[in-house]
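Working notes for the structure below.
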Amino acid sequence: MYLLAIDLWFILEKAILIACIIGLSFFIAMYTTYAERKVAGWLQDRHGPNRAGPFGIFQPLADGGKLFFKEEIIPLASNRILFILGPGLAMVTALVTSTVIPWGAPIVTDKGIIPLQVADVDMGILIVFSVVSVGVYGIMIGGWASNNKFSLIAAIRGASQMVSYELPMGLALIAVLFMTGSLKMSEIVANQAANGWHVIYQPLGFIIFFVCALAECNRTPFDLPEAENELNFGYHQEYSSMKLGFYLFAEYINMFISSAVMATLFFGGYDIPFVNEAAWGLEPWLLSLISFSVLMAKIAFFLFVFIWIRWTIPRFRYDQLMNLGWKKLIPLALLNMIISAAVMLWLNK
Amino acid sequence: MLTQRAKQVDRKPMTVLESIYLWNIVKGMGITISHLFKKKATIQYPEQKRTFSKVFRGLHVLNRDAEGRENCTACGLCAVACPAEAITMEAAERLPGEEHLYREEKYAAKYEINMLRCIFCGLCEEACPKDAIYLSQTFAPANYGRKGFIYKKEELLIPHPIKDKEAYEKALGEKAVKN
Chain A
42 MYLLAIDLWF ILEKAILIAC IIGLSFFIAM YTTYAERKVA GWLQDRHGPN RAGPFGIFQP
102 LADGGKLFFK EEIIPLASNR ILFILGPGLA MVTALVTSTV IPWGAPIVTD KGIIPLQVAD
162 VDMGILIVFS VVSVGVYGIM IGGWASNNKF SLIAAIRGAS QMVSYELPMG LALIAVLFMT
222 GSLKMSEIVA NQAANGWHVI YQPLGFIIFF VCALAECNRT PFDLPEAENE LNFGYHQEYS
282 SMKLGFYLFA EYINMFISSA VMATLFFGGY DIPFVNEAAW GLEPWLLSLI SFSVLMAKIA
342 FFLFVFIWIR WTIPRFRYDQ LMNLGWKKLI PLALLNMIIS AAVMLWLNK
Chain B
40 MLTQRAKQVD RKPMTVLESI YLWNIVKGMG ITISHLFKKK ATIQYPEQKR TFSKVFRGLH
100 VLNRDAEGRE NCTACGLCAV ACPAEAITME AAERLPGEEH LYREEKYAAK YEINMLRCIF
160 CGLCEEACPK DAIYLSQTFA PANYGRKGFI YKKEELLIPH PIKDKEAYEK ALGEKAVKN
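Heads up: the protein sequence lines correspond to chains A and B, in order.
For the first sequence, the numbering used here begins at 42 and goes up steadily by one.
For the second sequence, the numbering used here begins at 40 and goes up steadily by one.
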């Protein structure tokens with residue numbers, strides 16, 4: 042029986058947390074689609090969707106319902122198993138990245154501490170990176186299994202884009218890790234709460250990271266894998282109904298998670314700026330709630346910037362994309378890394 | 040230089056700042072965010088409608104006089120004037136006892152306008168000696184088939200001014216001032 046002596050409360054706690062985070066991801070992704078259309082409208086002097094419910098609040102439900110009732114088409118010449126696996130993989134990888142993000146200050150009770158984080162593992166941020174790398178397979182498998190030349194080309198385009206932008210992203214991250222000395226997400230946040238946000242010390246690193254995040258999420262100006270208005274809709278061209286919905290939805294979840302990662306790495310995570318919240322003497326659950334809302338506000342800001350950029354900038358050409366990634370961002374990130382390393386060494390002396 | 044708008048194309052190679060795009064992107068984002076606070080150009084269609092000009096030529100209406108008698112005498116001048124040949128009619132003689140229905144001895148037993156042929160030029164309105172047809176402010180609504188676009192007399196006739204006063208005035212619309 043010793044083998045089964047697992048703390049049931051622990052499992053229950055984590056299960057509830059996971060359910061909440063997945064629910065939250067879906068909810069935010071849904072309303073990001075709404076925000077996208079609404080902001081697009083506003084930036085173009087229109088109103089955006091405003092018919093479904095007050096201010097068009099139910100528009101995402103209508104969109105989702107529409108996708109469910111669309112005819113489901115699986116091309117005859119496609120690889121059936123992989124064709125179904127593709128969108129599923131995209132969705133799973135999008136959701137798994139949220140495991141290591143600390144969503145708020147831990148709740149301290151008399152029975153123990155409940156961290157608002159599914160897994161505070163030592164390799165923290167590396168998990169995000171490795172899972173995001175697997176996300177390429179969602180695109181590749183989808184494009185390849187469709188048995189369509191255009192899908193395949195778009196998938197390869199997407200894969201090479203993601204691979205090349207992961208490099209400067211990782212290099213920009215290393216400079217941050219110099220400062221924290223740990224990959225653990227909770228320690229990265231704690232370090233920022235103590236010493237100030239990383240964006241102050243690493244502005245160049247943040248810009249590089251942000252640009253790469255745009256590319257990793259296939260957002261404009263790097264949405265070449267899709268390019269719906271000029272390159273035949275990209276890797277999900279053969280997809281219809283909810284499988285297409287999964288691909289599109291996974292993208293919005295990716296956007297949400299990458300906003301959360303950026304907020305955590307560079308903007309202090311759930312840290313409330315300019316105040317020392319520990320001195321307030323609030324109830325622990327209230328403090329957790331406030332810090333959670335602060336993180337959500339930061340995420341909302343990043344999501345808005347993502348959308349804002351999309352409705353401002355035209356798409357990059359493919360060679361421009363590759364030039365920017367390999368010839369500009371990687372040398373810049375390397376330079377940033379070396380300078381931060383030198384400064385750190387000099388300061389430690 | 041006919042238009043005086045020709046501009047010399049700048050083909051200088053990009054500077055380092057330009058080649059990173061960042062500054063130009065920030066400028067562009069400044070432009071888009073300023074649009075967030077501008078007045079929306081949208082007209083919320085079914086609730087709000089754009090006001091047409093006084094001379095707007097929409098769907099046709101067959102007119103009645105103040106007592107509710109049809110003005111049309113089926114003279115055929117509108118059909119002759121019509122460049123699209125959209126108007127068809129058949130004349131009939133008014134029988135004794137029908138004086139409250141038709142203003143003169145002859146009337147249109149059948150009067151059809153094919154709205155798919157019509158070009159809404161308003162020449163029928165100009166040709167009519169009896170002020171029996173005019174073009175209203177409503178524009179052609181959608182329909183499921185071609186048949187639905189051939190408007191019969193029942194669809195064209197204006198509501199009765201005494202029996203159905205409200206609808207009559209509504210149909211009259213802007214033209215109420217003219218009459």
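Where is the CB? At the ideal position from N, CA and C, for every residue including glycine.
From a predicted model like this one, the values you see are computed outputs, not experimental measurements.
For residue 174 of chain B, the uninterrupted beta strand (DSSP E) run begins and ends at 172-174, by DSSP. Within chain A, the residues whose beta carbon sits less than 7 Å from that of residue 75 of chain B are 83, 84, listed in sequence order. Contact check for residue 148 of chain A against residue 325 of chain A passes: the beta carbons are separated by less than 8 Å.
With respect to chain A, the C-beta atom of residue 206 of chain B has no partner C-beta closer than 8 Å. Residue 172 of chain B has a beta carbon lying at 8 Å or more from every beta carbon in chain A. Selection A:190, A:199, A:171 evaluated against residue 180 of chain A yields A:199 as nearest (Cα-Cα). Across the structure, residue 210 of chain B and residue 190 of chain A are spaced so that their CA atoms are roughly 59 Å apart.
No Cβ-Cβ contact shorter than 8 Å links residue 389 of chain A with residue 246 of chain A.
Against chain A, the CB of residue 105 of chain B has no partner CB under 8 Å away; the residue lies outside that interface.
Of all residues in the stretch 344-361 of chain A, only 349, 350, 352, 353, 354 place a beta-carbon less than 8 Å from a beta-carbon of chain B. Of B:124, B:122, B:162, B:108, the smallest CA-CA separation from residue 133 of chain B is found for B:108. Taking 9 Å as the cut-off between beta carbons, the residues of the stretch 78-89 of chain B near chain A are 78, 79, 80, 81, 83, in sequence order.
Take the alpha-carbon of residue 93 of chain B and the one of residue 203 of chain B: they are about 25 Å apart. At a cut-off of 8 Å between beta carbons, residue 87 of chain A contacts chain B. Nearest neighbour of residue 315 of chain A by Cα position, chosen from A:234, A:89, A:291, A:288, turns out to be A:234. In the three-state DSSP reduction, residue 74 of chain B falls in the helix class (H, G or I).
Counting C-beta pairs with one atom in each stretch, the stretch 252-268 of chain A and the stretch 201-211 of chain A have three or more that are closer than 8 Å, which means they touch.
Secondary structure in the stretch 60-113 of chain A: the alpha helix (DSSP H) runs of 4 residues or longer, each lying completely within the stretch, are 100-110 in chain order. Burial check for residue 288 of chain A: the Cβ neighbour count within 10 Å reaches 16 or more, so the residue is buried. Secondary structure note for residue 129 of chain B: its beta strand (DSSP E) is the uninterrupted segment 126-132.
DSSP, read as helix, strand or coil, puts residue 257 of chain A in helix. Annotated as distal: residue 243 of chain A and residue 329 of chain A, with beta-carbon spacing of 8 Å or more. Taking the Cα of residue 310 of chain A as reference, the smallest distance to any Cα among A:231, A:362, A:192, A:74 is reached at A:231. In the DSSP assignment, residue 216 of chain A falls within the unbroken alpha helix (DSSP H) covering 190-221.
Here the C-alpha atom of residue 352 of chain A lies approximately 20 Å from the C-alpha atom of residue 249 of chain A. Using a 10 angstroms sphere on the CB of residue 300 of chain A, the tally of other CB atoms reaches 16 or more, which defines it as buried. By the Cβ neighbour-count rule, residue 61 of chain A is exposed, with fewer than 16 other Cβ atoms within 10 Å of its own.
The secondary-structure analysis by DSSP pairs residue 153 of chain B across a beta bridge with B:189.
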